[in-house]
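In what follows, a structure is listed as C-alpha coordinates, so that the remarks can point back to it.
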Amino acid sequence: MSIQQQVARQVAATPPGKIIVSRDFPAWKSAPNGLSKALSRLVASGELARFAKGQFYRPKTGMFGQQQPTDSEKLRPLLFENGKRTGYITGLRLFNILGLTTQLSRTIEISRNSTKQNKKIGALEIIIIPSRAPVTDINIPYLEILDVVRALSRIPDTSLETTIARLRSLLKKNNAIEKETLINLALTYYPPATRYRLAHIISPLAPELEKRLRASLNPTSRFRIV
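18 is the number of the first residue of the sequence shown in this note's numbering; add one for each residue after it.
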(Lines of atoms letter the chains of each structure in order from A and count residues from 1; the text may use other names and numbers.)
(Lines give C-alpha, C1' and ligand atoms only; values in the text may rest on other atoms or scores of the structure.)
Protein backbone atom coordinates (compact mmCIF):
# COMPACT_ATOMS: atom_id res chain seq x y z
CA MET A 1 0.00 0.00 0.00
CA SER A 2 1.40 3.41 -0.97
CA ILE A 3 1.88 6.27 1.51
CA GLN A 4 -0.95 8.14 -0.22
CA GLN A 5 -3.30 5.20 0.28
CA GLN A 6 -2.25 4.75 3.93
CA VAL A 7 -2.80 8.43 4.70
CA ALA A 8 -6.13 8.56 2.83
CA ARG A 9 -7.37 5.51 4.73
CA GLN A 10 -6.38 6.98 8.12
CA VAL A 11 -8.01 10.31 7.25
CA ALA A 12 -11.22 8.58 6.13
CA ALA A 13 -11.38 6.75 9.47
CA THR A 14 -11.10 10.02 11.42
CA PRO A 15 -14.38 11.67 12.52
CA PRO A 16 -15.12 15.04 10.86
CA GLY A 17 -13.95 17.96 12.98
CA LYS A 18 -11.29 15.98 14.82
CA ILE A 19 -7.79 17.40 14.48
CA ILE A 20 -5.18 15.13 12.92
CA VAL A 21 -1.55 15.94 13.69
CA SER A 22 1.26 15.01 11.30
CA ARG A 23 3.03 13.02 14.01
CA ASP A 24 -0.06 10.76 14.31
CA PHE A 25 0.74 9.17 10.93
CA PRO A 26 3.18 6.20 10.81
CA ALA A 27 4.93 7.82 7.83
CA TRP A 28 5.84 10.87 9.93
CA LYS A 29 9.18 9.30 10.87
CA SER A 30 9.74 6.84 8.03
CA ALA A 31 8.78 9.04 5.06
CA PRO A 32 8.16 12.67 6.10
CA ASN A 33 8.39 14.05 2.54
CA GLY A 34 5.94 11.47 1.22
CA LEU A 35 3.57 12.23 4.10
CA SER A 36 3.74 15.96 3.41
CA LYS A 37 2.88 15.43 -0.26
CA ALA A 38 0.02 13.05 0.58
CA LEU A 39 -1.50 15.53 3.03
CA SER A 40 -1.14 18.39 0.55
CA ARG A 41 -3.00 16.38 -2.10
CA LEU A 42 -5.87 15.69 0.31
CA VAL A 43 -6.05 19.39 1.21
CA ALA A 44 -6.12 20.31 -2.49
CA SER A 45 -8.94 17.83 -3.12
CA GLY A 46 -11.00 19.19 -0.21
CA GLU A 47 -10.95 15.90 1.73
CA LEU A 48 -8.78 17.54 4.38
CA ALA A 49 -8.53 21.12 5.69
CA ARG A 50 -5.39 22.69 7.12
CA PHE A 51 -5.92 24.11 10.61
CA ALA A 52 -2.40 25.07 11.70
CA LYS A 53 1.16 24.02 10.98
CA GLY A 54 1.20 20.22 11.03
CA GLN A 55 -2.50 20.08 12.01
CA PHE A 56 -5.45 19.13 9.78
CA TYR A 57 -9.09 18.11 10.08
CA ARG A 58 -11.80 16.54 7.98
CA PRO A 59 -14.21 19.32 7.00
CA LYS A 60 -17.71 19.23 8.42
CA THR A 61 -20.46 21.27 6.78
CA GLY A 62 -23.25 22.81 8.86
CA MET A 63 -26.08 25.28 8.26
CA PHE A 64 -23.60 28.14 7.90
CA GLY A 65 -21.00 26.37 5.81
CA GLN A 66 -17.80 24.62 6.79
CA GLN A 67 -17.34 24.29 10.54
CA GLN A 68 -14.00 24.48 12.32
CA PRO A 69 -13.11 22.09 15.15
CA THR A 70 -14.54 22.89 18.58
CA ASP A 71 -12.41 24.77 21.12
CA SER A 72 -11.85 21.58 23.13
CA GLU A 73 -10.66 19.82 19.97
CA LYS A 74 -8.32 22.70 19.15
CA LEU A 75 -6.71 22.27 22.57
CA ARG A 76 -6.36 18.48 22.33
CA PRO A 77 -2.95 18.45 20.55
CA LEU A 78 -1.57 20.50 23.46
CA LEU A 79 -2.99 18.11 26.06
CA PHE A 80 -2.13 14.79 24.39
CA GLU A 81 0.77 13.50 22.34
CA ASN A 82 0.88 10.05 20.76
CA GLY A 83 -2.13 9.10 22.86
CA LYS A 84 -0.45 10.08 26.14
CA ARG A 85 -1.47 12.95 28.38
CA THR A 86 1.14 15.72 28.30
CA GLY A 87 -0.76 18.75 29.62
CA TYR A 88 -3.75 19.99 31.57
CA ILE A 89 -5.75 23.21 31.86
CA THR A 90 -4.79 25.43 34.78
CA GLY A 91 -5.16 29.05 35.83
CA LEU A 92 -8.48 30.89 35.78
CA ARG A 93 -10.16 28.28 33.58
CA LEU A 94 -9.30 25.55 36.12
CA PHE A 95 -10.50 27.67 39.04
CA ASN A 96 -13.81 28.15 37.22
CA ILE A 97 -14.18 24.42 36.51
CA LEU A 98 -13.60 23.65 40.20
CA GLY A 99 -16.29 26.15 41.20
CA LEU A 100 -13.84 28.54 42.89
CA THR A 101 -14.73 31.56 40.74
CA THR A 102 -17.35 32.59 38.21
CA GLN A 103 -14.85 34.55 36.15
CA LEU A 104 -13.40 33.37 32.85
CA SER A 105 -10.57 34.65 30.72
CA ARG A 106 -9.99 34.73 26.97
CA THR A 107 -6.50 33.42 27.70
CA ILE A 108 -6.25 29.72 28.51
CA GLU A 109 -3.32 28.52 30.61
CA ILE A 110 -2.02 25.01 29.99
CA SER A 111 0.55 23.36 32.22
CA ARG A 112 2.66 21.01 30.15
CA ASN A 113 5.86 18.99 29.99
CA SER A 114 7.54 21.71 27.91
CA THR A 115 9.02 25.20 27.93
CA LYS A 116 6.99 28.38 28.41
CA GLN A 117 5.28 29.52 25.22
CA ASN A 118 2.56 31.88 24.04
CA LYS A 119 0.32 30.53 21.28
CA LYS A 120 -2.68 31.73 19.32
CA ILE A 121 -4.95 29.05 17.89
CA GLY A 122 -7.78 30.64 15.98
CA ALA A 123 -9.42 33.03 18.45
CA LEU A 124 -7.88 31.23 21.44
CA GLU A 125 -4.95 32.82 23.24
CA ILE A 126 -2.92 30.19 25.06
CA ILE A 127 -0.09 30.39 27.56
CA ILE A 128 1.87 27.18 28.05
CA ILE A 129 3.49 26.94 31.46
CA PRO A 130 6.13 24.30 32.30
CA SER A 131 4.67 21.82 34.76
CA ARG A 132 6.49 21.46 38.07
CA ALA A 133 5.83 17.72 38.21
CA PRO A 134 5.52 15.10 35.46
CA VAL A 135 2.11 15.29 33.79
CA THR A 136 0.32 11.94 33.70
CA ASP A 137 -3.33 10.90 33.85
CA ILE A 138 -2.80 9.81 37.46
CA ASN A 139 -0.99 12.98 38.53
CA ILE A 140 -3.31 15.58 37.00
CA PRO A 141 -5.99 15.73 39.78
CA TYR A 142 -3.20 16.28 42.32
CA LEU A 143 -1.41 18.89 40.21
CA GLU A 144 -4.68 20.78 39.79
CA ILE A 145 -5.12 20.98 43.56
CA LEU A 146 -1.52 22.06 44.06
CA ASP A 147 -1.95 24.77 41.42
CA VAL A 148 -4.92 26.11 43.38
CA VAL A 149 -2.89 26.04 46.60
CA ARG A 150 -0.08 28.00 44.93
CA ALA A 151 -2.55 30.60 43.63
CA LEU A 152 -4.65 31.10 46.78
CA SER A 153 -4.26 34.87 46.77
CA ARG A 154 -4.81 35.22 42.99
CA ILE A 155 -8.23 33.59 42.62
CA PRO A 156 -10.74 36.37 41.81
CA ASP A 157 -14.33 36.79 42.89
CA THR A 158 -13.96 34.71 46.06
CA SER A 159 -12.52 34.84 49.57
CA LEU A 160 -9.57 32.95 51.03
CA GLU A 161 -11.87 31.22 53.52
CA THR A 162 -14.20 30.04 50.75
CA THR A 163 -11.33 28.65 48.68
CA ILE A 164 -9.83 26.79 51.63
CA ALA A 165 -13.24 25.35 52.57
CA ARG A 166 -13.78 24.22 48.96
CA LEU A 167 -10.36 22.53 48.84
CA ARG A 168 -10.99 20.73 52.12
CA SER A 169 -14.35 19.55 50.81
CA LEU A 170 -12.72 18.21 47.63
CA LEU A 171 -10.06 16.37 49.62
CA LYS A 172 -12.62 14.94 52.03
CA LYS A 173 -15.26 13.81 49.52
CA ASN A 174 -13.19 12.72 46.52
CA ASN A 175 -12.10 9.15 47.23
CA ALA A 176 -9.96 9.15 44.08
CA ILE A 177 -7.63 11.70 45.68
CA GLU A 178 -5.10 9.98 47.93
CA LYS A 179 -3.85 12.53 50.43
CA GLU A 180 -0.47 10.82 50.81
CA THR A 181 0.14 11.00 47.05
CA LEU A 182 -0.74 14.70 47.15
CA ILE A 183 1.73 15.28 49.98
CA ASN A 184 4.50 13.31 48.25
CA LEU A 185 4.13 15.38 45.08
CA ALA A 186 4.20 18.59 47.12
CA LEU A 187 7.32 17.47 48.99
CA THR A 188 9.12 16.43 45.81
CA TYR A 189 8.26 19.19 43.36
CA TYR A 190 6.74 22.25 45.05
CA PRO A 191 8.31 25.20 46.89
CA PRO A 192 8.15 25.73 50.67
CA ALA A 193 5.40 28.37 50.48
CA THR A 194 3.08 25.90 48.72
CA ARG A 195 3.88 23.18 51.26
CA TYR A 196 3.12 25.59 54.10
CA ARG A 197 -0.28 26.47 52.64
CA LEU A 198 -1.09 22.82 51.99
CA ALA A 199 -0.18 21.97 55.59
CA HIS A 200 -2.70 24.56 56.80
CA ILE A 201 -5.41 23.26 54.45
CA ILE A 202 -4.93 19.58 55.25
CA SER A 203 -4.45 19.99 59.03
CA PRO A 204 -8.03 19.05 60.09
CA LEU A 205 -8.15 16.15 57.62
CA ALA A 206 -4.79 14.43 58.09
CA PRO A 207 -2.73 15.71 61.06
CA GLU A 208 0.11 13.22 60.44
CA LEU A 209 0.52 14.40 56.87
CA GLU A 210 0.43 18.00 58.07
CA LYS A 211 3.39 17.19 60.34
CA ARG A 212 5.36 15.78 57.39
CA LEU A 213 4.81 18.96 55.43
CA ARG A 214 5.77 21.22 58.32
CA ALA A 215 8.87 19.12 59.01
CA SER A 216 10.07 19.86 55.47
CA LEU A 217 10.10 23.61 56.13
CA ASN A 218 13.04 25.62 57.41
CA PRO A 219 12.12 26.49 61.02
CA THR A 220 13.73 29.92 60.67
CA SER A 221 11.63 30.84 57.62
CA ARG A 222 8.36 32.72 57.89
CA PHE A 223 5.42 32.01 55.59
CA ARG A 224 1.94 33.42 55.09
CA ILE A 225 -1.22 31.76 53.79
CA VAL A 226 -1.50 34.51 51.14
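Every residue, glycine too, gets a C-beta built ideally from N, C-alpha and C.
In chain order, what residues of the same chain lie with their CB nearer than 8 Å to the CB of residue i, ignoring the 5 residues before and after it?
| i | result |
| --- | --- |
| Leu177 | Leu169, Ser170, Ile242 and Val243 |
| Arg102 | Leu96, Val152, Thr153, Asp154 and Ile157 |
| Pro33 | Tyr74, Arg75, Pro76 and Lys77 |
| Ile194 | Pro158, Tyr159, Ile162, Leu187 and Leu188 |
| Leu184 | Ile162, Val165, Val166 and Ile218 |
| Val24 | Phe42, Ala44, Leu52, Ala55, Leu56 and Leu59 |
| Ser220 | Glu227 |
Among residues of its own chain, excluding the 5 on either side of residue i, which ones have a beta-carbon nearer than 7 Å to its beta-carbon?
| i | result |
| --- | --- |
| Ala223 | Lys196 |
| Ile172 | Phe112, Leu117, Thr118 and Thr180 |
| Gly100 | none |
I need the straight-line Cα distance from residue i to residue j, nearest angstrom please.
| i | j | result |
| --- | --- | --- |
| Ala210 | Thr87 | 38 Å |
| Leu56 | Arg26 | 12 Å |
| Arg40 | Leu234 | 44 Å |
| Gln83 | Gly139 | 15 Å |
| Leu92 | Phe42 | 19 Å |
| Ala44 | Arg149 | 33 Å |
| Asn201 | Leu215 | 12 Å |
| Ser238 | Pro94 | 42 Å |
| Glu227 | Tyr213 | 9 Å |
| Pro236 | Leu230 | 12 Å |
| Lys35 | Leu141 | 17 Å |
| Lys70 | Asn192 | 41 Å |
| Met18 | Arg58 | 17 Å |
| Asn135 | Arg123 | 13 Å |
| Ser128 | Lys137 | 16 Å |
| Ile125 | Lys190 | 28 Å |
| Pro147 | Ser89 | 20 Å |
Rank the options by C-alpha distance to the C-alpha of residue i and give the top, closest one.
| i | options | result |
| --- | --- | --- |
| Ile143 | Ile172, Gly116, Ala25 and Gly104 | Gly104 |
| Phe240 | Glu225, Lys133 and Pro208 | Pro208 |
| Ser131 | Gln120, Ile145, Thr118 and Leu215 | Ile145 |
| Leu199 | Arg183, Leu163 and Ile218 | Leu163 |
| Gly63 | Ala150, Glu227, Val28 and Leu215 | Val28 |
| Ala66 | Thr31, Ile127, Pro236 and Lys136 | Thr31 |
| Leu52 | Leu109, Ile20, Lys35 and Ile37 | Ile20 |
| Ser22 | Lys46, Tyr206 and Lys54 | It is Gln, not Ser, that sits at residue 22 in the sequence shown. Nearest option by C-alpha distance: Lys54. |
| Thr175 | Lys136, Leu109 and Arg231 | Leu109 |
| Leu115 | Ser220, Lys46, Leu204 and Ala182 | Ala182 |
| Glu98 | Asn191, Arg58 and Ile37 | Ile37 |
How would you call residue i, buried or exposed, if buried means at least 16 neighbouring beta carbons within 10 angstroms?
| i | result |
| --- | --- |
| Leu121 | exposed |
| Thr107 | buried |
| Ala61 | exposed |
| Lys47 | Going by the sequence as given, residue 47 is Ser instead of Lys. So Ser47 counts as exposed. |
| Gln72 | buried |
| Glu225 | exposed |
Given residue i, which residues of its chain have a CB within under 6 Å of its CB, disregarding the five upstream and five downstream residues?
| i | result |
| --- | --- |
| Tyr206 | Arg149 and Ala150 |
| Leu204 | Ser233 |
Could you give the uninterrupted runs of the beta strand (DSSP E) lying entirely in the segment 41–98, keeping only those of 3 residues or more?
Contiguous beta strand (DSSP E) elements confined to the segment 41–98 occur at 66–69, 72–74, 77–79 and 82–84, taking only those with 3 or more residues.
Where are the alpha helix (DSSP H) runs, 4 residues long or more, that stay fully inside the segment 92–148, in chain order?
108–114
Segments of 3+ residues assigned as beta strand (DSSP E) that fall wholly inside the segment 149–232:
none
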